[in-house]
Amino acid sequence: MKKKLLSLIMATTMLFAGLFTACSGSSGDSGKGGKKVGVSMPTKDLQRWNQDGDNMKKQLEAAGYEVDLQYASNDINTQVSQIENMINNGCSVLVIASIDGESLGTVLQQAKEKNIPVIAYDRLIMNSDAVTYYATFDNYKVGKFQGEYIRDQLDLENAAGPFNIELVTGDPGDNNARFFFKGAMDVLQPYIDSGKLVVVSGQTSFEEVATAGWASDAAQARMEAILSGNYADGTQLDAVMCSNDSTAFGVANALASNYTGKYPIITGQDCDIANVKNILADKQSMSIFKDTRDLASKVVEMVQAILEGKEAPVNDKETYDNGKGIVPSYLCEPKFADKNNYKELLIDSGYYTEDQLA
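Just so we're aligned, residue 3 is where the sequence shown starts under the working numbering, counting upward by one.
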């Protein structure tokens, strides 16, 4: 009888232990159902990537996943190494904002061989068949908004002109820069062709107006050269189409020390704090607001769908060809912010506080 009772107790103990292990997961598991998500961001040097990384990490962790968030200091080799570590350390999904969309083919092949899905974040990863999905804002529309803003502020439909404009876009290795530039130029080019808009420097091709690394100092140096070579005689500069805030910041710095005419219209993108302050100080006209909380939320939805064996939500299956085929994409809606609506978009929404913009 004692032996039977002892056997019953041991069996019951083992049963409860097994149930506990099944519920809690093994000691090697991490995150939701043992799932870890690797998030690779390009740099901490630009404010927007810090916000993107933080927003995604918070929302993924709130959804129950472990997150390996890494910043690559704008160094391609560092990013490749970090992604390799994510692959080898058991990440089930990779979310990657690439430094150079052409440079990740080899490391992503490793992900493909291990059946790890890849979501390209904000910047499309080029020439790799390992990219499963793409999550971004509507990049063509970003540029279109910038072009339309200049068109409307100069009243190009009705004003006689001509007006003088210069063009500044982003890094040639960032596929988004080409979408931004095309969106803006599809609006502005007809006015350039008709002579109502004049690019005094003559620099109009993407290659001529690109800014390596989206760097403010590079944009500033180029604008200083343009101003000294074309506007030193008092020629009026009416607008500068800048594709983002870091280039717009460089342009504003160049104007501060090299230009005395009527201040031009300057566009931007990302609503960085320094640039919003410039908008309030009339040193920049507008910036495209891309609420990274929205993009992070959509990426979390995509990750959850993937890890549940479902198809991720997308709203574009035609636009983004990375050289290996069309990548199913989700495009969030951008908005433009200026002095008239910044409070509603940026402060009332909780994106910034009044103190941050003071």
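We put the beta carbon where it would ideally sit given N, CA and C, even for glycine.
Delimiting residues of the alpha helix (DSSP H) encompassing residue i
i, result
"Tyr151", "Asn141 to Gln155"
"Lys38", "No alpha helix (DSSP H) holds Lys38; the beta strand (DSSP E) holding it covers Lys38 to Met43."
"Ile194", "Asn177 to Ser196"
"Asp357", "Glu356 to Leu359"
"Glu209", "Phe208 to Val211"
Nearest residue (CA-CA) to residue i, options the options
i, options, result
"Thr45", "Lys59, Ala74, Asp54 and Tyr67", "Ala74"
"Ala307", "Ala250, Ile281, Ser94 and Gly55", "Ser94"
"Lys326", "Arg125, Phe183 and Val133", "Val133"
"Asp275", "Cys244, Tyr353 and Pro192", "First, the residue type needs correcting, since residue 275 is Ile and not Asp in the sequence shown. Checking every option, the nearest Cα to that of Ile275 belongs to Tyr353."
"Glu209", "Phe183, Ala217, Met243 and Asp54", "Phe183"
"Asp47", "Glu150, Ile127 and Ala217", "Ala217"
"Tyr391", "Gln358, Val109, Cys334 and Ile267", "Coverage of the chain is limited to positions 3 through 360, which leaves residue 391 absent and any answer about it impossible."
"Gln205", "Asn177, Gly215 and Val242", "Val242"
"Thr138", "Ala339, Lys345, Asn317 and Asn91", "Asn317"
"Gly185", "Leu156, Asp173, Ala223 and Asn141", "Asn141"
"Lys198", "Asn90, Leu156 and Asp176", "Leu156"
"Ala223", "Val39, Thr237, Leu257 and Pro315", "Leu257"
"Ile290", "Lys337, Asp188 and Val202", "Lys337"
"Val82", "Tyr67, Val69 and Ile98", "Ile98"
"Ala113", "Val69, Glu159 and Ser130", "Ser130"
"Phe147", "Ser203, Ile268 and Asp176", "Ile268"
"Asn178", "Tyr332, Glu310, Ile127 and Val41", "Ile127"
"Asp77", "Ala64, Met43 and Leu71", "Met43"
"Leu359", "Val278, Pro266, Leu347 and Val202", "Val278"
"Thr80", "Val69, Gln271, Ala64 and Asp102", "Asp102"
Counted within 10 angstroms of its Cβ, other Cβ atoms place residue i as buried (16 or more) or exposed
i, result
"Ser28", "Since pLDDT at Ser28 reaches only 32, below the 50 mark, its modelled position is unreliable, and the value read off the structure follows with that caveat. With fewer than 16 other Cβ atoms within 10 Å, it is exposed."
"Asn293", "Contrary to the premise, residue 293 reads as Asp rather than Asn in this sequence. Its Cβ being crowded by 16 or more others within 10 Å, Asp293 is buried."
"Gly145", "buried"
"Asn57", "buried"
"Lys300", "buried"
"Asp323", "exposed"
"Thr213", "buried"
"Ser26", "Its pLDDT being 31, under 50, Ser26 is placed unreliably in this model, and the coordinates cannot settle the point."
"Gly252", "buried"
"Thr171", "buried"
"Gly287", "Sequence check: residue 287 is Ser here, not Gly. Looking at its Cβ environment, which holds 16 or more other Cβ atoms inside 10 Å, Ser287 is buried."
"Gln53", "buried"
"Lys116", "exposed"
"Ile328", "exposed"
"Ala234", "exposed"
"Thr108", "exposed"
"Asn343", "exposed"
"Gly30", "Residue confidence is low: Gly30 scores 37 on pLDDT, short of 50, so the model does not pin down where it sits. Its coordinate-derived value is still stated next. So Gly30 ends up on the exposed side."
"Ile11", "Any reading at Ile11 must be qualified, since the residue scores a pLDDT of 41, below 50, and its modelled position is unreliable; no value is offered."
"Ser207", "exposed"
"Gly231", "exposed"
"Lys264", "exposed"
"Ala227", "exposed"
"Asn246", "buried"
"Thr249", "buried"
"Glu310", "exposed"
"Glu356", "exposed"
"Glu313", "exposed"
"Asn166", "buried"
Bridge-paired residues (DSSP) for residue i
i, result
"Phe291", "Lys337"
"Ser331", "Tyr136 and Asp318"
"Asp323", "Ile328"
"Val200", "Asn166"
Where the beta strand (DSSP E) through residue i begins and ends
i, result
"Ile349", "Where Ile349 is concerned, there is no enclosing beta strand (DSSP E), given that its DSSP letter is neither H nor E."
"Val170", "Phe165 to Val170"
Runs of beta strand (DSSP E) lying entirely within the stretch 62-130, each at least 3 residues, in chain order: 68-73, 95-98 and 120-123
4 or more residues per run - each alpha helix (DSSP H) lying fully within the stretch 231-298: 247-260 and 275-282
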